[in-house]
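Structure, as structure tokens:
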Amino acid sequence: ARGAREESRSRSRKRSTWSRPRTCRSLSPSGVIARQRAGGGGGCRLVSVSLGRAHGVCVTQRGAVLSWGDNASGQLFLPRGTAGAPLWRPVLARALWDRGVRGSSAACGAEHSLVVTDCGVVYAAGADE
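If you read the sequence shown in the UniProt record's numbering, its first letter stands for residue 1, the second for the next number, and so on.
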């Protein structure tokens, strides 16, 4: 029964593949600017993008950290209690921005994320395995 259920689930998922590179609209400058105007971040040029198993983190030129995807392990730098449904569009990591943390690069593992500042300080979020 489990195999049939998983097979049924996989058939109902919508997947897309492309033979040529395409623009990721949610990370395009216009999409990032709109989200940052609403949330406060800064800059729209991306200087770092990293992907984990089911999440991503990017850093803008002005140091704003944006994250999206699965937050089951807290890997999106979002407040506790926000581990519900995955976020399909990047959101400002307010936990860092409000503390004055400005990133310069990001890295992701399967269920964790790292952000490095210009000063070399590393911030981590998510599973610690």
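From the three backbone atoms N, C-alpha and C, an ideal C-beta is built for every residue, glycine too.
Here the structure is a predicted model, which means the values were calculated and not measured.
What three-state label does DSSP hand A72 in the structure shown? coil
Inter-residue Cα distance where the pair is L92 and V65: 6 Å
For R89, does the three-state DSSP call read helix, strand or coil? Residue state for R89 is assigned as strand, using DSSP reduced to three classes.
Under 8 Å by Cβ, that's how I've got G69 and A54 pegged, so tell me the actual separation to the nearest angstrom. 5 Å
Taking the straight line between their C-alpha atoms, what separation do you get for T117 and R20? 34 Å
Check for me: the alpha helix (DSSP H) holding A95 runs from which residue to which? 94-97
Taking the CB atoms as reference points, tell me whether residue 130 and L96 lie closer together than 7 Å. Past the edges of the chain, shown from 1 to 129, lies residue 130, and the structure says nothing about it.
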